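What follows is the structure in structure tokens.
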């Protein structure tokens, strides 16, 4: 017999199956010895009071019944001789589109400008030493920006597709089953590469193709139909359809579309800084304790507030994490955050950004659709110059920034390329700096200890999303001008993270299959 119930237990009890059984027995008023098995379906932390609880939704099995282990590995068909579909980009949108195409009996040909997930590590090491490879970095390469940044899997895009399906595919390729249980699932940048490599193996072993160091430099268009692409070596790659899953930083693709007179649009985005606290401060504030229990994960936070009609909000919060350099070209500095699966770093960092709309970019209107992109580039160049013309980042203490004061000294920081004191309150446009200053004070009132000079802010957090959208038909998912061209994922303006990008990749694959019916 199986019964599903919800229980609340202590953090320590949540790690012990026998304690969960005992609590379940009490909840149902039954003998604990009658429970033959327990399966956890959902798990979340409730830290609203000093007595922290873990809420669990569990299935309780009695009369000798047990939970049957599930096999999340899919059987894929061989599509080596099937209709070829080109996918530009091997981030989550591209990879999940490829796997879905194989399920649907179509052959994916994935073109990735960067390197495979293992070789990519060498270039990440170089950027820490101030050498940027424009094709292989924290944004470009197998797995996309999420692989070596964090691996958070929480999304609000639940109406567009099945989040659970995406998570199960990840588990089938080696992710822990906990991601199916936790309210805010997370894999970790140390584990994602192996998962991505298994996905690649599945694509290749079932007849798909993946080409690394393959940068698309032109499109093959006849009439109103795309028939393929041309790589940097002049090779023509032909296919029935082309999925553009290039990510939010492939600026050359936006210019290529413009060159072909293919419509693109400006899009709201966000920009600001990355702020780093000692993790102890965040733990103390969120868990109401001086020392975090070993049974609790590193604490996180989420803030949002309207300042002068514009949203100021935290973005990609990384508890127990590090700040990493995410530039995609020389002469620019971009900061982002990441966490390993253990989230054991002594630092907590988060983007803190301000919404940017077209009305904020009046000085850039001459650039048309590229107004936001050029503004983004200017801010990244400013950060490069202010940081010392290397990958070192300009930085300031939090209270100093808010009070308009230069920081003579800075706190220790996780950012490996280094930090240099700079007056970010003056260097950032007032539409960003003034709103951040007000936001920091407000957030400090919401979380005790948050507003402190023990925190550094680093500039600039500029790649929150693409400042350009590639339009598409809401039903067919094709570009309104070009048949068989499928703008996809975060770079096209239709996703905002690993899971939502993966969902969008699958949606595009489904749309292509439907067009062939």
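Numbering (our numbering), first residue to last: 3 to 519. Glycine is no exception: its CB is placed at the ideal position from the N, C-alpha and C atoms. Keep in mind that this is a model prediction, so the values were computed, not measured.
Under the Cβ criterion (8 angstroms, minimum of three pairs), the region 482-494 does not count as touching the region 362-378. Between residue 330 and residue 141, the CB-CB gap stays under 8 angstroms.
In the same chain as residue 345, and ignoring 5 residues on each side of it, the C-beta atoms closer than 7 angstroms to its own belong to 299, 300, 321, 322 and 323, in chain order. Here residue 268 is bridged, per DSSP, to 470. Between the alpha carbons of residue 457 and residue 511 lies a distance of about 44 angstroms.
In the DSSP assignment, residue 307 forms a beta bridge with 314. A contact between stretches requires three or more CB pairs, one per stretch, nearer than 8 angstroms, and the region 209-225 fails this requirement with the region 55-68. Pairing residue 175 with residue 393 gives a Cβ-Cβ distance that is not under 8 angstroms. In this model, residue 96 and residue 260 are separated by some 22 angstroms (Cα to Cα). Of the other Cβ atoms in all chains shown, 16 or more fall within 10 Å of the Cβ of residue 231; this residue is therefore buried. Residue pairing of residue 453 in beta bridges, as defined by DSSP: absent, with no partner found. Here DSSP, grouped into helix, strand and coil, assigns residue 378 to helix. For residue 45, the enclosing beta strand (DSSP E) covers residues 37-48. In the structure shown, the three-state DSSP call for residue 195 is helix.
For residue 78, the secondary structure class from DSSP, reduced to helix, strand or coil, is coil. Taking the Cα positions, residue 136 is about 29 angstroms away from residue 480.
Residue 320 carries a strand assignment under DSSP once its states are collapsed to helix, strand and coil. Nearest to residue 425 by C-alpha distance, out of 408, 412 and 413, is 408.
Taking the C-beta atoms as reference points, residue 503 is found no nearer than 8 angstroms to residue 187.
Judged by their CB atoms, residue 274 and residue 463 are nearer to each other than the 8 angstroms cut-off. A Cβ-Cβ contact shorter than 8 angstroms links residue 271 with residue 358.
Exclusion of the five residues before and after residue 471 leaves 267, 269 and 495 as the residues of its chain whose Cβ lies within less than 6 angstroms of its Cβ. If you draw a straight line from the Cα of residue 214 to the Cα of residue 389, it comes to about 32 angstroms. Rounded to the nearest angstrom, the gap between the Cα atoms of residue 42 and residue 497 is 30 angstroms.
Rounded to whole angstroms, the Cβ separation of residue 155 and residue 500 is 6 angstroms, and the two are in contact under 8 angstroms.
Taking each of 62, 487, 178 and 44 in turn and checking the Cα distance to residue 31, the smallest one comes out for 62. CA-to-CA, the gap between residue 108 and residue 64 works out to about 45 angstroms. Counting only the Cα atoms, residue 19 lies some 54 angstroms from residue 377. Going by beta carbons, residue 129 and residue 195 fall outside the 8 angstroms limit. Boundaries around residue 508 are those of the alpha helix (DSSP H), 500-518, since no beta strand (DSSP E) includes it.
The C-alpha of residue 387 is placed about 40 angstroms away from the C-alpha of residue 293. Within the same chain, Cβ atoms closer than 6 angstroms to the Cβ of residue 381 are found at 462 and 464, the five residues on either side in sequence being excluded. A direct Cα-to-Cα measurement between residue 489 and residue 249 gives close to 10 angstroms. In the structure shown, residue 261 adopts helical secondary structure according to DSSP, grouped into three states.
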